[in-house]
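To start, the structure under review is shown below, and the notes come after it.
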Amino acid sequence: MDNKHGKIGEEAAASLITSCGGTVEDVTNNEDLQKLDIDFLACLNNINFTIECKYASIDGGADVFETIKNMNTKEPGWAYGTKADYVTIYKASIFQIHIIDVSALQSWLPTVEQHYKVYYGKTYSEFYKNQILYESKNVRIPYRDLISNNVLTNIFKYNTLKKFWLRVL
């Protein structure tokens with residue numbers, strides 16, 4: 001299910017970049033780039049950059065950042081572990097893409113993480129549905145805080161009737 005949702009987020013991000021005249025190369029099958037948590041190599045306005053894509057099924061006025069992937073091993077989550085230039089978060093319920101500046105996130109988040117609500121996500125075994133493989137730690141940060149700290153740099157909304165992306169931030 002996570003992979004299915006991830007692909008929806010990737011398709012939305014690719015659609016946004018190509019609709020703005022850019023190009024996207026899907027590198028999800030490149031093991032070296034996957035270790036760096038990078039989904040796409042992209043180019044827009046002659047600027048090359050890398051993207052990690054995320055999917056969120058609901059929206060509650062905040063974005064959620066995985067700070068620890070596995071609570072048992074303390075492996076860093078994507079918020080600290082990605083080497084991408086940007087993370088896109090596709091908000092399916094409101095047809096929005098949020099663009100997160102990774103360098104701004106990774107320098108700001110450690111200083112404020114403890115001030116936000118924590119959620120623990122569970123990853124279950126594919127074969128034994130009730131067996132929890134590990135728990136992740138996630139923090140929920142309101143948009144206003146992300147925007148005022150230059151972490152959430154752009155928001156695009158998809159107009160489902162006219163079939164195009166519109167920048168709203």
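Residues in the sequence shown are numbered from 1 upward in steps of one, following the working numbering. Using N, Cα and C, we set each Cβ at its ideal position, and we do this for glycine too. The model shown is predicted, which means the values in this text are computed figures rather than measured ones.
From this set, D39, N72, D32, which residue's C-alpha is nearest E25's C-alpha? D39
Distance between F65 and V139 (C-alpha atoms, nearest Å): 5 Å
Alpha-carbon spacing of S57 relative to K157, whole angstroms: Distance between the alpha carbons of S57 and K157 is about 15 Å.
Output the distance between the C-alpha atoms of N70 and I132, rounded to the nearest integer angstrom. 11 Å
Start-to-end residues for the alpha helix (DSSP H) that takes in L146: 143 to 148
Would you please state the rounded distance, in angstroms, between the beta carbons of T23 and C43? I believe it to be under 8 Å. 5 Å between Cβ atoms; contact.
Out of I97, L36, E126, point me to the one whose CA is closest to T82's CA. L36
Could you pull the start and end residues of the beta strand (DSSP E) that E126 belongs to? Taken as a continuous stretch (DSSP letters only), E126 belongs to no beta strand (DSSP E), as it is neither H nor E.
Just mark V102 as buried or exposed, buried being the case when its beta carbon has 16 or more other beta carbons within 10 Å. buried
Rounded to whole angstroms, what's the CA-CA distance from D85 to K91? Just pull it up for me. 20 Å
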